[in-house]
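Visitor: My questions will all concern the structure given below.
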Amino acid sequence: MQRVIVGEIGRPHGVRGLVRLRAFTADPAALASYGPLTDEAGTRRFAVTPLPEGIARIEGITDRDQAAKLTGVKLYADRDRLPPPEDPEEFFLCDLEGLAAHGEDGFVLGVVRAVEDHGAGPFLVVDGPSGELLLPFTKAVVPVVDVAAGRLTVVPPAEIVVQPQPGEDAA
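The structure is reproduced here in structure tokens:
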């Protein structure tokens with residue numbers, strides 16, 4: 001079962017166990033309907049009730065000290081609990097994992113192992129015959145995504161394509 005990150009617990013809000021909640025969903029109020037939510041390891045479960053203005057109540061958390069211990073916990077839901085994208089051209093970033101990455105010429109560059117985002121925008125981690133390739137996930141670099149066909153087209157930026165120097169093996 002594929003699990004997807006849907007939110008993150010922030011710092012405590014007040015003294016009664018409320019927390020700030022950063023939802024990674026289109027509708028933050030719908031977060032509770034994707035449950036049960038778990039931590040990254042899938043070992044802890046959280047019943048989350050989103051409140052207005054980015055605040056949330058977590059079942060069983062009744063004071064500030066308990067809430068503070070949850071700061072930074074990322075919340076995950078089973079992929080099949082999320083609603084399908086409304087537009088056929090839309091997809092979830094997690095749906096890219098496992099797709100074959102092809103160059104414009106049809107050459108297989110590898111398979112998308114992960115989609116990561118550390119703040120500067122998402123990028124693809126592609127495992128291929130020449131090792132790991134990190135590609136920014138932009139329309140210029142990934143002009144075609146066909147989730148149904150299980151593939152995407154990649155146009156690596158010139159900075160990523162390393163040409164062999166004269167006298168070097170092109171291995």
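Position 162 of the sequence shown, counted from 1, bears residue number 162 in full-length UniProt numbering, the numbering being contiguous throughout.
Cβ coordinates follow ideal geometry from the N, Cα and C atoms, glycine included.
Less than 7 Å between C-beta atoms, sequence neighbours within five positions excluded: which residues of the same chain meet that for Glu40?
Guide: So the qualifying residues of the chain are Lys74 and Tyr76.
Visitor: In three-state terms, what does DSSP make of Arg3?
Guide: Of the three classes helix, strand and coil, the one that applies to Arg3 here is strand, per DSSP.
Visitor: Could you round the C-beta distance between Gly98 and Val111 to whole angstroms and report it? I think they count as a contact, below 8 Å.
Guide: Right, their Cβ atoms sit about 7 Å apart.
Visitor: Just to check my reading of the structure: Leu21 and Leu96 have Cβ atoms closer than 8 Å, yes? What is that Cβ distance to the nearest angstrom?
Guide: Between Leu96 and Leu21 the Cβ distance is about 26 Å, and since that is not below 8 Å, they are no contact.
Visitor: In terms of DSSP beta bridges, what is His118 paired with?
Guide: In DSSP, His118 forms no bridge with anything.
Visitor: Would you report the Cα separation of Arg45 and Asp105, rounded to the nearest angstrom?
Guide: If you take the alpha carbons of Arg45 and Asp105, they lie about 46 Å apart.
Visitor: Three-state secondary structure (DSSP) at Arg81?
Guide: The answer is helix: DSSP assigns Arg81 an H, G or I state.
Visitor: Give the range of the beta strand (DSSP E) segment to which Arg44 is assigned.
Guide: No beta strand (DSSP E) contains Arg44, which DSSP labels as neither H nor E.
Visitor: Can you tell me whether DSSP reads Arg64 as helix, strand or coil?
Guide: Arg64 falls in the helix class under three-state DSSP.
Visitor: Give me the DSSP bridge partner(s) of Pro136.
Guide: Phe123.
Visitor: Just reading off the beta strand (DSSP E) that residue 172 is part of, what are its end residues?
Guide: Outside the modelled stretch of the chain, which goes from 1 to 171, sits residue 172, for which no answer is possible.
Visitor: Going by CA-CA distance only, name the one from Pro136, Leu93, Arg3 and His118 that's closest to Thr43.
Guide: For Thr43, the nearest C-alpha among the options comes from Arg3.
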